[in-house]
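**Q** Sequential numbering from 102 applies to the sequence shown in this note's numbering.
Let me give you the structure first, and then I'll get to my questions.
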Amino acid sequence: MLDLSSNAKNANNTKLLFVGKGIMAESKLKNLLDRGKQAAKHADWRSSRDYFQQAVNLAPQNIAAVNGLASSLLQLGQTEEAIGYYKKLINLLPQSADAYNNLGVAQMIAGQFEKSEQAYRQAVELDPEHVQAWKNLAIVCLKQNKMEEGVQILASLVKAYPEDVESLYLLGQCYQGAEEYESARYLYEEALKIDPEFGLAKEALASLPAVGIDTSRIARAEHASKLSALKSLKQGNKKETPKVGIGEKERDRLFDRGKSVAFFGLKALPGGRRVALMARLLLQLGYRTKFAESAEEDYMRQYDYFVFSQPHISPDLINGVMRCIQNGIPYALDIDQDYHNLPEDHPAYMQFGQGNPKGIQALNIMLQEAAWVSTPSTMLARRLKSYAKKVVVIPPMWDRENPLWEKPKPRHSQINLGWLGTAIDAVDLLSIQKELETCLDNSPNVQLVIAGDLSVFEKFEGIPETRRLFLPPPSPEDIPYVLSQFDVLLIPLRDNPFNQAISDMLLLEAGVLRIPWLASPVQAYQEWGEGGLLVDKGGWCEAIAKLVNDENLRIELGRKGREKAEKREKEIMELFS
Numbered sequence: 102m103l104d105l106s107s108n109a110k111n112a113n114n115t116k117l118l119f120v121g122k123g124i125m126a127e128s129k130l131k132n133l134l135d136r137g138k139q140a141a142k143h144a145d146w147r148s149s150r151d152y153f154q155q156a157v158n159l160a161p162q163n164i165a166a167v168n169g170l171a172s173s174l175l176q177l178g179q180t181e182e183a184i185g186y187y188k189k190l191i192n193l194l195p196q197s198a199d200a201y202n203n204l205g206v207a208q209m210i211a212g213q214f215e216k217s218e219q220a221y222r223q224a225v226e227l228d229p230e231h232v233q234a235w236k237n238l239a240i241v242c243l244k245q246n247k248m249e250e251g252v253q254i255l256a257s258l259v260k261a262y263p264e265d266v267e268s269l270y271l272l273g274q275c276y277q278g279a280e281e282y283e284s285a286r287y288l289y290e291e292a293l294k295i296d297p298e299f300g301l302a303k304e305a306l307a308s309l310p311a312v313g314i315d316t317s318r319i320a321r322a323e324h325a326s327k328l329s330a331l332k333s334l335k336q337g338n339k340k341e342t343p344k345v346g347i348g349e350k351e352r353d354r355l356f357d358r359g360k361s362v363a364f365f366g367l368k369a370l371p372g373g374r375r376v377a378l379m380a381r382l383l384l385q386l387g388y389r390t391k392f393a394e395s396a397e398e399d400y401m402r403q404y405d406y407f408v409f410s411q412p413h414i415s416p417d418l419i420n421g422v423m424r425c426i427q428n429g430i431p432y433a434l435d436i437d438q439d440y441h442n443l444p445e446d447h448p449a450y451m452q453f454g455q456g457n458p459k460g461i462q463a464l465n466i467m468l469q470e471a472a473w474v475s476t477p478s479t480m481l482a483r484r485l486k487s488y489a490k491k492v493v494v495i496p497p498m499w500d501r502e503n504p505l506w507e508k509p510k511p512r513h514s515q516i517n518l519g520w521l522g523t524a525i526d527a528v529d530l531l532s533i534q535k536e537l538e539t540c541l542d543n544s545p546n547v548q549l550v551i552a553g554d555l556s557v558f559e560k561f562e563g564i565p566e567t568r569r570l571f572l573p574p575p576s577p578e579d580i581p582y583v584l585s586q587f588d589v590l591l592i593p594l595r596d597n598p599f600n601q602a603i604s605d606m607l608l609l610e611a612g613v614l615r616i617p618w619l620a621s622p623v624q625a626y627q628e629w630g631e632g633g634l635l636v637d638k639g640g641w642c643e644a645i646a647k648l649v650n651d652e653n654l655r656i657e658l659g660r661k662g663r664e665k666a667e668k669r670e671k672e673i674m675e676l677f678s
């Protein structure tokens with residue numbers, strides 16, 4: 102697979118090397134670069150090329166201009182010209198693995214396989230962890246009939262990065278080409294387990310003949326020697342980064358001790374509150390940090406490093422990220438939900454999902470240019486790996502400074518089945534509406550509590566008013582109070598890619614308050630595992646009856662949930678301390 106998106110990486114993330122003739126010339130250059138980037142965002146490659154060409158004429162040593170021109174030329178099929186400018190980029194950035202990888206892509210498109218191979222080898226020499234360059238090296242080896250080395254690299258990538266769906270797919274292609282259909286089938290199915298929406302693997306799997314599977318023949322040990330040996334030489338005895346969270350060495354690379362960090366996000370949204378908590382934790386550990394909802398230019402001058410939460414949903418935050426890109430200031434993103442897989446019936450689909458291609462393209466650019474991207478779930482981290490240089494998982498956390506988390510939970514005359522959400526989540530709850538109504542018919546001591554959205558509450562008008570209760574949408578500080586009104590928390594979720602990538606935040610909050618839960622078996626909930634029961638489709642009545650009729654079970658699950666929440670709190674403190 103070619104990673105042509107990487108051609109944009111160096112275009113923006115390096116400070117402008119401009120020796121100008123004054124403020125007017127610099128302003129003209131900035132205007133040309135901005136126009137070139139905007140044209141590229143809209144795939145208007147001719148205009149993009151023209152703007153970047155003017156920028157190069159004005160400032161021949163400007164990295165953003167040179168790289169932008171090379172990328173535009175490549176998109177227009179002017180491969181030889183693109184190669185010339187990529188070589189110029191390497192002269193400006195001789196230690197850049199990305200620059201060599203980009204040159205290799207252009208040379209491979211031009212059919213210059215030997216030269217392309219040399220460029221990729223230089224890229225992985227400079228950066229042994231450059232996964233895309235390793236993939237490209239494997240592809241160009243296969244194109245030159247260097248089958249053994251190509252397969253070795255791909256099998257080694259699968260071993261070193263078992264969740265990289267593209268590597269699984271590419272290795273599957275090798276086996277399929279050799280008519281080793283059992284192995285190919287296994288690898289495609291493994292890729293689809295990780296990312297059920299991976300279209301190439303779906304198509305490849307459908308094209309295979311029906312055969313049995315012999316897993317003993319798959320990715321034999323000798324295939325995994327080359328890259329794993331190289332990684333061992335480069336890394337020595339360094340511990341692997343944990344799958345969930347960031348270890349001490351990893352954290353130190355994300356937040357340098359000598360640097361000040363500003364966090365930006367909308368505090369009304371969970372993602373904004375999440376980065377606000379990160380800022381507070383770092384402040385307690387001696388960093389100079391700040392949280393703000395507006396990325397004002399004053400902050401950009403006062404701090405060294407910036408973390409933006411969901412910047413594409415706020416024009417102000419988008420402008421903040423663009424200032425970072427244009428001025429070569431390092432920044433990171435925290436993304437708390439899978440915007441690439443928002444379902445079409447999601448209210449935000451046309452604004453922040455695939456229903457707004459330009460918006461998704463802007464998000465992709467911000468992801469590509471970020472120094473790193475953090476997410477609260479492992480599934481979302483896997484999916485964002487194909488868009489970002491580096492992805493880490495920072496699990497959800499809770500705010501110890503809010504006293505409501507420790508306030509004793511009130512006792513209720515009825516057993517309250519509670520749901521907390523918005524109109525966005527309504528379709529998930531309504532997917533079990535009939536089961537819920539049946540449960541209430543069979544359990545006269547049970548009350549349904551709907552918190553957050555009145556229109557959802559009104560959907561249950563068939564339930565007597567004495568058996569249902571509405572609570573208005575809580576402020577962030579009041580969430581523990583609202584949750585404390587529940588005896589059992591209900592979290593039904595439809596089985597779709599968006600829901601499969603959510604975090605365990607609600608289970609964490611239920612655990613803090615010792616509230617047992619019933620939830621659909623999405624990955625994050627399976628990983629959490631404590632304090633409640635996972636419910637398959639059609640099993641809600643049985644699961645509800647089990648908890649309603651067994652107070653001791655509710656108490657025991659609540660206790661385990663609290664223990665899990667306290668364990669998470671210790672993990673978070675260790676990650677940031």
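Glycine is no exception: its CB is placed at the ideal position from the N, C-alpha and C atoms.
All figures in this text were calculated on a predicted structure; none of them were measured in a lab.
#1: For L555, count neighbouring C-beta atoms within 10 Å of its own C-beta (all shown protein chains included) and say buried if the count is 16 or more, exposed if not.
#2: Identify whether W618 lies in helix, strand or coil by the three-state DSSP scheme.
#3: If you measure between the beta carbons of N237 and Y221, is that distance less than 8 Å?
#4: Is the beta carbon of F453 within less than 7 Å of some heavy atom of the ligand ZN?
#5: With a cut-off of 8 Å on the beta carbons, I'd call F587 and I616 a contact; round off their distance for me.
#6: Helix, strand or coil, according to DSSP, for T567 in the structure here?
#7: Check whether the Cβ atoms of M606 and P371 sit closer than 8 Å, and answer yes or no.
#8: Hey, out of V408, L383, Y488, L386, whose CA is closest to A393's CA?
#9: May I have a chain-ordered list of the beta strand (DSSP E) segments no shorter than 3 residues that lie completely inside the segment 384-470?
#10: To the nearest whole angstrom, what separates the beta carbons of E264 and N442, a pair I think is in contact under 8 Å?
#11: Once DSSP output is grouped into helix, strand and coil, what is the label at A207?
#12: Cα separation between L288 and V492?
#13: Do you know how far the Cα of K671 is from the Cα of E631?
#14: Quick one: grab the DSSP three-state call for L623.
#15: Take the Cβ of K638 as the centre, count every other Cβ of all protein chains shown within 10 Å, and call the residue buried at 16 or more, exposed below.
#16: If you draw a straight line from the C-alpha of E304 to the C-alpha of N546, how long is it?
#17: Buried or exposed: where does Q274 fall if 16 or more other Cβ atoms within 10 Å of its Cβ makes it buried?
#18: By the three-class DSSP mapping on this structure, what secondary structure does T476 have?
#19: Give me the Cα-Cα distance between E559 and Q462, rounded to the nearest whole angstrom.
#20: What whole-angstrom Cβ distance do L648 and V589 have, given they're in contact under 8 Å?
#21: If we call anything under 8 Å between Cβ atoms a contact, is Y432 one with A471?
#22: When the Cα of A662 is compared with those of L676, A166, W641, L619, which residue comes out closest?
#23: Judging by CA-CA distance, which residue of K360, N653, D437, M401 is the nearest neighbour of G387?
#24: I think Y186 touches V206, with their Cβ atoms under 8 Å apart; what is that distance to the nearest whole Å?
#25: Are the beta-carbon atoms of D228 and A198 separated by less than 8 Å?
**A** Taking the structure as given:
#1: Per the 10 Å Cβ criterion, exposed.
#2: Under the three-state reduction of DSSP, W618 is assigned to strand.
#3: Yes; because the gap between Cβ atoms is below 8 Å, this pair is in contact.
#4: By its list of ligands, the structure shown contains no ligand whatsoever, and the ligand ZN lies outside what it can speak to.
#5: Right, their Cβ atoms sit about 6 Å apart.
#6: Taken through DSSP and simplified to helix, strand or coil, T567 comes out as helix.
#7: Cβ distance < 8 Å, so M606 and P371 count as in contact.
#8: The residue with the shortest Cα to Cα distance from A393 is V408.
#9: Whole beta strand (DSSP E) segments, 3+ residues: 390-393, 406-410, 432-435.
#10: E264 to N442, Cβ: 17 Å. No contact.
#11: Here A207 sits in helix by DSSP.
#12: One C-alpha to the other measures close to 23 Å.
#13: Those two C-alpha atoms are separated by around 16 Å.
#14: Residue 623 is actually Val in this sequence, not Leu. Residue state, collapsed to three classes: coil.
#15: Exposed: under 16 other Cβ atoms inside 10 Å.
#16: Looking at the backbone, the Cα of E304 and that of N546 are separated by about 52 Å.
#17: Under this definition Q274 is a buried residue.
#18: DSSP places T476 in strand when its eight states are reduced to three.
#19: Rounded to the nearest whole angstrom, the CA to CA distance from E559 to Q462 is 38 Å.
#20: Indeed, because the Cβ distance is near 5 Å, the residues count as touching under 8 Å.
#21: Yes, these two residues count as a Cβ contact at 8 Å.
#22: Note that residue 662 is Gly in the sequence shown, not Ala. The shortest C-alpha separation from G662 is found at L619.
#23: Distance from the Cα of G387 is smallest, within the candidate group K360, N653, D437, M401, for K360.
#24: With 8 Å as the limit, Y186 and V206 do not qualify as a contact, their Cβ atoms being about 13 Å apart.
#25: In this structure, A198 lies closer than 8 Å to D228 by Cβ.
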